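Peer 1: Just so you know, we're using the numbering used here here: the sequence shown kicks off at 275 and counts up by one.
Backbone N, C-alpha and C fix where the C-beta goes; we use that ideal spot for every residue, glycine too.
The structure presented is a predicted model; accordingly, all values stated were derived computationally and were not measured.
What follows is a single structure, and I will ask about it in a moment.
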Amino acid sequence: MPIGRWAPLSHPDVASVEVDDLLRALADPTRRQIVRLLLAEGDRPCGTFGLPVAASTLSHHFRTLRKAGILRQYDDGRQRMNTLRLDELDERFPGLVRTVLDAS
């Protein structure tokens, strides 16, 4: 049984991330907004994005971005934090995330 509030999360190794999964995750405007906010402001707790969606929907978007390899989630005290994996992704797919964000 894990110690703490949440069970440990799995994050894909960047070497196993597929471009189709990245593009599918970034196809949604709400997920692109999450990525833009993280890019502009850095790490943020889940509850601070201020997006007009239900908490369960936001949780779904975070999970989709995490499984696509776009963000990493970690626990900081009583908060679940989100951070972009942009440096890692840029090594595998140079400029892809920023290009998608710039084009939308």
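Can you name the start and end residues of the beta strand (DSSP E) that Asp302 belongs to?
Peer 2: Premise fails: Asp302 is in no beta strand (DSSP E) and is neither H nor E.
Peer 1: Taking 9 angstroms as the cut-off, decide whether the C-beta atoms of Thr304 and Leu325 are in contact.
Peer 2: Yes.
Peer 1: Is DSSP giving Asp349 helix, strand or coil here?
Peer 2: Three-state DSSP puts Asp349 in a strand.
Peer 1: What separation, rounded to the nearest whole angstrom, lies between the Cα atoms of Pro276 and Asn356?
Peer 2: Low confidence applies here, because Pro276 scores a pLDDT of 47, under 50, leaving its location unreliable; read the following figure in that light. Distance between the alpha carbons of Pro276 and Asn356 is about 20 angstroms.
Peer 1: Which whole-angstrom value describes the C-beta separation of Gly343 and Val288, a residue pair presumed to lie in contact below a C-beta threshold of 8 angstroms?
Peer 2: At roughly 6 angstroms, the Cβ-Cβ gap stays under 8 angstroms, so Gly343 and Val288 are in contact.
Peer 1: DSSP three-state label for Arg354, please.
Peer 2: It is a strand residue.
Peer 1: Have a look at Glu365 and Ala329 and give me their C-alpha separation to the nearest angstrom.
Peer 2: For Glu365 and Ala329, the distance between alpha carbons rounds to 32 angstroms.
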